[in-house]
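Single-structure report; data block below.
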Amino acid sequence: MSKELAEILFPEITLTPQDLEKKYPRRNLPEGARVTRFAPSPTGFLHIGGLFAAMISKVWAEKSGGVFYLRIEDTDKKREIENGVKIIIDGLSDFGITFSEGMTGNDTEVGDYGPYLQSKREEIYKTYAKDLVAKGLAYPCFMTEEELEEIRIKQEELKLTPGIYGEFAKCRDLSIDAVKERLNKNLPYVIRLKSGGNIENRIVLDDLIKGEISMPENNLDIVLLKSDGIPTYHFAHAVDDHLMGTTDVIRGDEWISSYPIHYELFKVLGFTMPRYAHISPIMKQDNGGKRKLSKRKDPEAAVSYYHEMGYPKEAVIEYLMTLANSNFEDWRAQNPTADINEFPFELSKMSPSGALFDLVKLTDISKNYISKLNCETLYNMLTSWAKEYDKEFLSLLEKDPQYAKRILNIEREIEKPRKDIAKLSDVKDYISYFYDEIWDGKLDFPENINKEDIINILNTYKDIFNENDDKETWFERIRQMCPPLGFAAMPKEYKKNPGLYKGHVGDVSTVIRVAATGRRNTPDLYEILMILGKEKVTKRLLDAINKL
Ligand code: GLU
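In structure tokens form, the structure reads like this:
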């Protein structure tokens, strides 16, 4: 009778599970090689937690010599946006997360285990659904929205577990004639699992991150195929991860509570279960407590934020690796140039309760990373960032690349480079005084030096600045101008007899620095003045005098 029912429900399906097993043979991979996947919905939004999960899945597979692939779970058409697949692929590849198999664009893919877009796998899901119906393990359910709502309310009132089970599973034992009658009336229906589970029994999930978790068996007749023939997440997960040969399912821990369903599905379908690693969400410190990074409240929850701000992809990935395994930082210190896949990454060392997001740490890692780039690389990174996000800045950088590179090379390509740039979007402001077009011209002179002295210093200096000086000669000139102006040529002298001086050579340099750049703190003043050149320095000093 079940066989007849299966034929009535799925007359168009002629494939069998055996056909599919043959079409998608077990992967031929070396012993111990792991197959992982990233399986987002094409909503166009990529959460930092998604990038985190994708990175972990990639490292976990690749370091074992396995496969990391991209499957798109587009079973919820309401949440989908146009170009959503491409946006996810590009968003990940901006951070170096690429796939060896799976979707490669909105409608394109590579690999032998596709289609990798769930909406193209309808025949596959129906083949398994038909087989389950034929075996008496699934059935059509005609309950209406109203009936389901009534059940929900009743269960709430009686404080019963919500869902379709026991007495609530009204279509579980419909006769074949009753089904035929409803089909003749064209009533919509879903296909439900005929659960054989009992909540008195327990099963154990041996999670690769969280350890052993004991849960009751599933007893719900969950939906496998919705009324439009589209599978639920649960059913698609079992079918896809089985056929695609996933060995390790790495996913958000919101799925832990569904594990009993997945356990039963793999059993009734006759599939071997993969291993599971459930990742806790990335947390954020807020008002003394911890909460999940929120798409709504936190701009840094979106992966696009890091791209827009111009955090180098390597820095973001390095940071996420420290979030994943806290010993990564020490390893990196000892292996500064090694490939990430050489790091002995362990899922078991991940925080079972959720890593805490720390922008300060990311900033440090990023500053460190950028400080080690040579100026050519930084220039190229900066221009490609500006091409996308700041056209005005781009035209300045491209107007005179040599000039821009000299600026970027200040205190760079040396043993202890300056660690001051955390992200590309900071650079424009950081170097603005090199460009009259964007410099605001505000002068932040120190309060401890009076106006008259400032004018005297600037007047004296404008005549003696020589753009051909080497660093020593340049500084010697500044020292020499100090005593006649009433400043000590050496800080030491000043400290010995502060009463005798208005200040020391450091104060004089600061006055020059502020007149030339507007700021009290800058990188090396000698280099700055040399890059600005005689003409611009003279003009800046005169302008400053006029403004005082
Ligand atoms: N599409 C699911 C999600 O976005 C995938 C979960 C999984 O990796 O299995 O949550």
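In my numbering, the protein residues as written are 1348 to 1895. We treat Cβ as the ideally placed atom computed from N, Cα and C, and that holds for glycine.
Discussion item. Under 7 Å: does the beta carbon of Pro1607 sit that close to some heavy atom of the ligand GLU?
Written reply: Reading the sequence shown from its first residue, position 260 is the one you call residue 1607. No, since every heavy atom of the ligand GLU falls outside the 7 Å radius drawn around the Cβ of Pro1607.
Fill in: Exposure label - Pro1699; buried when at least 16 CB within 10 Å
As a position in the sequence shown, residue 1699 is number 352, starting the count at 1. By the Cβ neighbour-count rule, Pro1699 is exposed, with fewer than 16 other Cβ atoms within 10 Å of its own.
Discussion item. Could you check whether the stretch 1397 to 1412 touches the stretch 1665 to 1685, counting it as contact only if at least three pairs of C-beta atoms, one from each stretch, sit closer than 8 Å?
Written reply: Counting Cβ pairs under 8 Å, three or more are found: they touch.
Fill in: Spatial distance of Pro1563 from Tyr1658 (CA atoms)
As a working mapping, residue 1563 is identified with position 216 in the sequence shown. As a working mapping, residue 1658 is identified with position 311 in the sequence shown. The C-alpha of Tyr1658 is placed about 45 Å away from the C-alpha of Pro1563.
Worksheet item: Once you ignore the five residues that flank Asp1862 on each side, which residues in its own chain have a CB closer than 6 Å to its CB?
Response: Here residue 1862 is taken as the residue at index 515 of the sequence shown, counted from 1. Reading off the sequence shown, one finds Ala at residue 1862, where the question assumed Asp. Counting only Cβ-Cβ distances below 6 Å, and skipping sequence neighbours, we find Leu1805, Arg1887, Leu1888 and Ala1891.
Item to complete: Taking only heavy atoms of the ligand GLU into account, decide whether any of them is closer than 7 Å to the Cβ of Trp1407.
Response: For the purposes of this step, residue 1407 is identified with residue 60 of the sequence shown, where counting begins at 1. The closest heavy atom of the ligand GLU lies 7 Å or more from the beta carbon of Trp1407.
Worksheet item: Fully enclosed by the stretch 1636 to 1676, which alpha helix (DSSP H) runs are 4 residues long or longer?
Response: Within the stretch 1636 to 1676, the complete alpha helix (DSSP H) runs of at least 4 residues are 1650 to 1656 and 1660 to 1671.
Item to complete: Mind checking who Phe1357 pairs with in its DSSP beta bridge?
Response: Position 10 of the sequence shown, counted from the first residue, corresponds to residue 1357. According to DSSP, which records beta bridges pairwise, Phe1357 is partnered with nothing at all.
Discussion item. For a quick check, are the C-beta atoms of Glu1647 and Leu1706 less than 8 Å apart?
Written reply: Here residue 1647 corresponds to residue number 300 of the sequence shown, with the count starting at 1. Here residue 1706 corresponds to residue number 359 of the sequence shown, with the count starting at 1. Note that the C-beta distance between Glu1647 and Leu1706 is below 8 Å.
Fill in: DSSP-derived helix/strand/coil call for Phe1812
What you label residue 1812 is simply residue 465 of the sequence shown in a count that begins at 1. Coil, per DSSP.
Worksheet entry | C-beta atoms of Phe1415 and Ser1440 nearer than 8 Å | As a first step, residue 1415 must be located in the sequence shown, where it is residue number 68. As a first step, residue 1440 must be located in the sequence shown, where it is residue number 93. The answer is no: Cβ separation not under 8 Å.
Practice prompt. Enumerate in chain order the residues of its own chain whose CB-to-CB distance from Tyr1460 is below 6 Å, with the five nearest sequence positions on each side excluded.
Written response: Locating residue 1460 in the sequence shown gives position 113, counting from the first residue. The residues are Tyr1371 and Met1591.
Worksheet item: Buried or exposed: Val1650, going by 16 or more other Cβ atoms within 10 Å of its Cβ?
Response: Position 303 of the sequence shown holds residue 1650. The residue in question, Val1650, is buried, as its Cβ has 16 or more Cβ neighbours within 10 Å.
Practice prompt. With a 10 Å radius around its C-beta and 16 neighbouring C-beta atoms as the bar for buried, classify Asn1566 as buried or exposed.
Written response: By 1-based counting over the sequence shown, the position of residue 1566 is 219. It is buried - the Cβ of Asn1566 has at least 16 other Cβ atoms within 10 Å.
Discussion item. For Ser1627, tell me which candidate among Gln1465, Ile1498, Trp1602 and Glu1547 has the shortest Cα-Cα distance.
Written reply: Start at 1 with the first residue of the sequence shown, and residue 1627 comes out as number 280. Distance from the Cα of Ser1627 is smallest, within the candidate group Gln1465, Ile1498, Trp1602 and Glu1547, for Trp1602.
Worksheet item: So is Tyr1652 buried or exposed if we call it buried at 16+ other beta carbons inside 10 Å?
Response: Start at 1 with the first residue of the sequence shown, and residue 1652 comes out as number 305. Counting of Cβ neighbours within 10 angstroms places Tyr1652 among the exposed residues, the total staying below 16.
Worksheet item: When the Cα of Tyr1536 is compared with those of Lys1770, Arg1519 and Ser1718, which residue comes out closest?
Response: Locating residue 1536 in the sequence shown gives position 189, counting from the first residue. With distances taken between CA atoms, Tyr1536 lies nearest to Arg1519 out of Lys1770, Arg1519 and Ser1718.
Practice prompt. Compare the beta carbon distance of Ala1353 and Lys1477 with 8 Å and say whether it is the shorter of the two.
Written response: Along the sequence shown, read from residue 1 onward, the residue named residue 1353 stands at position 6. Along the sequence shown, read from residue 1 onward, the residue named residue 1477 stands at position 130. Result yes, Cβ atoms of Ala1353 and Lys1477 sit closer than 8 Å.
Worksheet item: Ends of the alpha helix (DSSP H) at Phe1582?
Response: Indexing the sequence shown from 1 puts residue 1582 at position 235. Here the alpha helix (DSSP H) through Phe1582 covers Tyr1580 to Leu1590.
Discussion item. Just verifying my parser: in three-state terms, what is the DSSP assignment at Gly1850?
Written reply: Position 503 of the sequence shown holds residue 1850. Look at Gly1850 here: in three-state DSSP terms it is strand.
Worksheet entry | Anticipated Cβ contact below 8 Å, Lys1766 with Cys1722, distance rounded | Along the sequence shown, read from residue 1 onward, the residue named residue 1766 stands at position 419. Along the sequence shown, read from residue 1 onward, the residue named residue 1722 stands at position 375. For Lys1766 against Cys1722, the beta-carbon gap comes to about 15 Å, at or over 8 Å, which does not count as contact.
Practice prompt. Following the continuous alpha helix (DSSP H) through Lys1775, name the residue where it begins and the one where it ends.
Written response: The count along the sequence shown starts at 1 and reaches residue 1775 at position 428. Per DSSP, Lys1775 belongs to the alpha helix (DSSP H) from Val1774 to Tyr1777.
Discussion item. Am I right that Met1630 and Ala1702 are in contact with their C-beta atoms under 8 Å? What's the rounded C-beta distance?
Written reply: Against the sequence shown, residue 1630 aligns to sequence position 283. Against the sequence shown, residue 1702 aligns to sequence position 355. For Met1630 against Ala1702, the beta-carbon gap comes to about 7 Å, under 8 Å, which counts as contact.
Worksheet item: Where does Arg1418 fall in DSSP's three states?
Response: Position 71 of the sequence shown, counted from the start, is the residue given in the question as residue 1418. For Arg1418, the secondary structure class from DSSP, reduced to helix, strand or coil, is coil.
Worksheet item: Taking one C-beta from the stretch 1483 to 1503 and one from the stretch 1357 to 1366 each time, how about it: are there three or more such pairs within less than 8 Å?
Response: The stretch 1483 to 1503 is not in contact with the stretch 1357 to 1366.
Worksheet item: With distances taken from CA atoms, which of Asp1421, Asp1524, Phe1515 and Phe1704 is nearest Arg1584?
Response: For the purposes of this step, residue 1584 is taken as the residue at position 237 of the sequence shown. According to the sequence displayed, residue 1584 carries His and not Arg. Considering only alpha carbons, the answer is Asp1421.
Item to complete: Please name the residue in Gly1431, Ile1754 and Leu1393 whose C-alpha comes closest to that of Pro1870.
Response: Residue mapping note: residue 1870 aligns to position 523 of the sequence shown, counting from 1. When Gly1431, Ile1754 and Leu1393 are compared, the shortest CA-CA separation from Pro1870 is found for Ile1754.
Practice prompt. May I ask you to report which of helix, strand or coil DSSP gives Cys1488?
Written response: Along the sequence shown, read from residue 1 onward, the residue named residue 1488 stands at position 141. Note: Cys1488 maps to strand in three-state DSSP.
Practice prompt. Check whether the stretch 1729 to 1743 touches the stretch 1848 to 1868, counting contact only when three or more Cβ pairs, one atom from each stretch, lie closer than 8 Å.
Written response: No: fewer than three Cβ pairs fall under 8 Å.
Fill in: Closest residue to Glu1758 among Thr1383, Arg1679 and Ile1875 (Cα-Cα distance)
Counting from 1 along the sequence shown, the entry for residue 1758 is found at position 411. For Glu1758, the nearest C-alpha among the options comes from Ile1875.
Practice prompt. Measure the alpha-carbon distance for Ile1523 versus Met1348 and round it to whole angstroms.
Written response: By one-based count along the sequence shown, residue 1523 stands at place 176. By one-based count along the sequence shown, residue 1348 stands at place 1. Cα to Cα, Ile1523 sits roughly 7 Å from Met1348.
Discussion item. Tell me the rounded alpha-carbon separation between Phe1392 and Asn1813.
Written reply: The count along the sequence shown starts at 1 and reaches residue 1392 at position 45. The count along the sequence shown starts at 1 and reaches residue 1813 at position 466. For the pair Phe1392 and Asn1813, the Cα-to-Cα distance works out to about 55 Å.
Item to complete: List the residues that DSSP assigns as beta-bridge partners of Val1382.
Response: Position 35 of the sequence shown holds residue 1382. Residue pairing from DSSP places Val1382 in a beta bridge opposite Val1414.
Item to complete: Taking Asp1553 as part of the beta strand (DSSP E), name the residues at either end of that continuous run.
Response: For the purposes of this step, residue 1553 is taken as the residue at position 206 of the sequence shown. According to the DSSP assignment, Asp1553 belongs to the beta strand (DSSP E) that extends over Arg1549 to Asp1554.
Discussion item. Just to confirm my understanding: we take Ser1605, look at its own chain, exclude 5 residues before and 5 after, and list those with CB closer than 7 Å. What are they?
Written reply: Mapped onto the sequence shown, residue 1605 falls at position 258. Answer for Ser1605: His1581, listed in chain order.
Fill in: Spatially closest choice to Gly1412 from Ile1395, Val1432, Lys1433 and Arg1381, by CA coordinates
Within the sequence shown, residue 1412 is the residue found at index 65, counting from 1. For Gly1412, the nearest C-alpha among the options comes from Arg1381.
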